[in-house]
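*Asks:* Its first residue numbered 35, the sequence shown is counted upward by one per residue in the working numbering.
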Amino acid sequence: MANILSAILTKNNHDAAREFATDCASLSESVMTVHDLACGYNGYRAIEGITFDLRAGERVGIVGPNGAGKSTLFKALVGLLPHQGAISIQGASCKDSHAMIGYVPQREAIDQTFPVTVWDVVMMGRARQIGYILLPRKQDRIAVRGALERVGMWPLRKRQIGELSGGQRRRVFVARALAQQASVLLLDEPFSGVDAAAETDIFQVLDVLREEGVAVLLATHNLVQAATHYDKLLLLTNGRMIAFGAPRDIYTPQNLGATFGDRIALFQEGDQYVLVPDKPCHHEDDH
Ligand SMILES: Nc1ncnc2c1ncn2[C@@H]1O[C@H](COP(=O)(O)OP(=O)(O)OP(=O)(O)O)[C@@H](O)[C@H]1O
Ligand SMILES: [Mg+2]
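(1) Less than 8 Å between the CB atoms is what I'm expecting for Leu-270 and Ile-121, so what's the real figure, rounded?
(2) On a CA-only basis, which of Arg-203, Ala-213, Ile-195 is nearest Ile-176? Give me that one, please.
(3) Scan the stretch 232–303 and note each continuous beta strand (DSSP E) run of 3 residues or more that stays entirely inside, going in chain order.
(4) For Glu-183, which of Val-156, Gly-227, Gly-201, Ala-161 has the nearest alpha-carbon?
(5) Helix, strand or coil, according to DSSP, for Phe-217 in the structure here?
(6) Are the stretch 73–87 and the stretch 235–242 touching, with three or more C-beta to C-beta distances below 8 Å?
(7) For the beta strand (DSSP E) holding Ser-105, just list the boundary residues, first then last.
(8) Please state the DSSP three-state secondary structure of Leu-190.
(9) Report whether the distance from the Cβ of Gln-105 to the nearest heavy atom of ligand 2 is below 7 Å.
(10) Does the beta-carbon of Lys-172 have 16 or more other beta-carbons within 10 angstroms, so that it is buried, or is it exposed?
(11) Answer yes or no: do Val-218 and Ile-123 have a C-beta to C-beta separation smaller than 8 Å?
(12) Thinking just about the alpha-carbon of each residue, which of Gly-186, Glu-197, Ala-277, Ala-161 is nearest to the one in Lys-266?
(13) Can you tell which of Ser-64, Leu-221, Asp-154, Leu-169 has its C-alpha closest to the C-alpha of Trp-188?
(14) Between which two residues does the alpha helix (DSSP H) carrying Ala-181 extend?
(15) Taking all protein chains shown into account, do 16 or more other C-beta atoms lie within 10 angstroms of the C-beta of Tyr-289, making it buried, or fewer, making it exposed?
(16) One question on the structure: do Ala-253 and Tyr-285 come within less than 8 Å of each other, judged by their Cβ atoms?
(17) Classify Asp-70: buried if its beta carbon has 16 or more other beta carbons within 10 angstroms, exposed otherwise.
(18) Go through its chain and collect everything with a Cβ distance to Phe-225's Cβ below 6 Å, but skip five positions before and after it.
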């Protein structure tokens, strides 16, 4: 049935997620702080009043409906859009620290017909280290190889980027961000269009990044995964923050209602949470 969007969130999952978050928070320090961030397009304010911080090794999900402002927030954080408010990374103002943020956009602007290999794309992540010399050194090649191996794309390193599937291309762009060796990684819907195996691969990469202390901010539409696989969530709707915190603390009917309106509701049945659409989603195919 096309209109079923229900999922079971067990309390056990929540407990595991919370213990996980507590363990990680105790090892970590703040790597990025964002205070009262606002930004938009041609006078239209797409996001405002965004305040949160990211700690070393923390995995934070940005959850909100289409048009909530998730991609706009990423673009502001990496300096692709002018913003108001303060962003600092490891104490430095964002003007100096964009190079410390790796970014995998929702849709890559790269021309798929441009004759560039997987290896070349990942080497682009080393631009900051290569600098004006323009000649990759041994450590750049080692970093590129390591990044490609971590996402399972080393065997395809000589392929043209236009000859990859959508999911393989996403892995290459994750590898490019890894090669950059940034302390903060922003992934805009990294799981859209990837199969279950690639999703598992990406989560394995995220686990390695956690051990290395890299903070990861991900936009996602997967509410169940968000509840169980992330340390904290930022709920966003109409460019405003509804809540920021551990999933167990902020996944309340009030917050979900404020974020998704009447499209989604959360019920508690015994020791389980059930996430269902309040109104069935009718698709043309259903008729
Ligand atoms: N280039 C643009 N010019 C003008 N308005 C834009 C532009 N890009 C996005 N917007 C608007 O800004 C708001 C936030 O868009 P954004 O792309 O950040 O949402 P999102 O949460 O990433 O959505 P999705 O889940 O569909 O990716 C929307 O109202 C959108 O129409
Ligand atoms: Mg988006």
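Glycine included, C-beta positions come from ideal geometry on N, C-alpha and C. Computed from a predicted model, the values in this text were never measured in an experiment.
*Replies:* The answer reads as follows:
(1) As a first step, residue 270 must be located in the sequence shown, where it is residue number 236. As a first step, residue 121 must be located in the sequence shown, where it is residue number 87. That pair is no contact at about 16 Å.
(2) Taking the first residue of the sequence shown as position 1, residue 176 is located at position 142. If we check each option's Cα against that of Ile-176, Ala-213 comes out closest.
(3) 249–254, 266–271, 274–279, 299–303
(4) Indexing the sequence shown from 1 puts residue 183 at position 149. With distances taken between Cα atoms, Glu-183 lies closest to Val-156.
(5) As a first step, residue 217 must be located in the sequence shown, where it is residue number 183. In the sequence as displayed, the identity of residue 217 is Ser instead of Phe. DSSP places Ser-217 in coil when its eight states are reduced to three.
(6) no
(7) Mapped onto the sequence shown, residue 105 falls at position 71. No beta strand (DSSP E) holds Ser-105; the alpha helix (DSSP H) holding it covers 104–111.
(8) For this step, residue 190 is matched to residue 156 along the sequence shown. Here Leu-190 sits in helix by DSSP.
(9) Counting from one through the sequence shown, the residue named residue 105 turns up at place 71. One detail in the question is off: residue 105 reads as Ser in this sequence, not Gln. Yes; taking the cut-off as 7 Å, the Cβ of Ser-105 has a heavy atom of ligand 2 nearer than that.
(10) The count along the sequence shown starts at 1 and reaches residue 172 at position 138. Its Cβ having fewer than 16 others within 10 Å, Lys-172 is exposed.
(11) Mapped onto the sequence shown, residue 218 falls at position 184. Mapped onto the sequence shown, residue 123 falls at position 89. Against a cut-off of 8 Å, the Cβ pair of Ile-123 and Val-218 comes out as a contact.
(12) The residue you call residue 266 lines up with position 232 of the sequence shown. The option with the nearest alpha carbon to Lys-266 is Ala-277.
(13) Against the sequence shown, residue 188 aligns to sequence position 154. For the residues Ser-64, Leu-221, Asp-154, Leu-169, the minimum Cα distance to Trp-188 belongs to Asp-154.
(14) On the sequence shown, position 147 is the one that residue 181 refers to. Run containing Ala-181: 172–184, per the alpha helix (DSSP H) assignment.
(15) Position 255 of the sequence shown holds residue 289. The identity of residue 289 in the sequence shown is Asn, whereas the question assumes Tyr. By the neighbour-count rule (16 or more Cβ atoms within 10 Å), Asn-289 is buried.
(16) Here residue 253 refers to the residue found at position 219 of the sequence shown. Here residue 285 refers to the residue found at position 251 of the sequence shown. Cβ distance not < 8 Å, so Ala-253 and Tyr-285 don't count as in contact.
(17) Start at 1 with the first residue of the sequence shown, and residue 70 comes out as number 36. Asp-70 should be labelled exposed.
(18) Looking up residue 225 in the sequence shown gives position 191. If we look at Phe-225 and ignore the five residues flanking it on each side, its Cβ neighbours are Glu-233.
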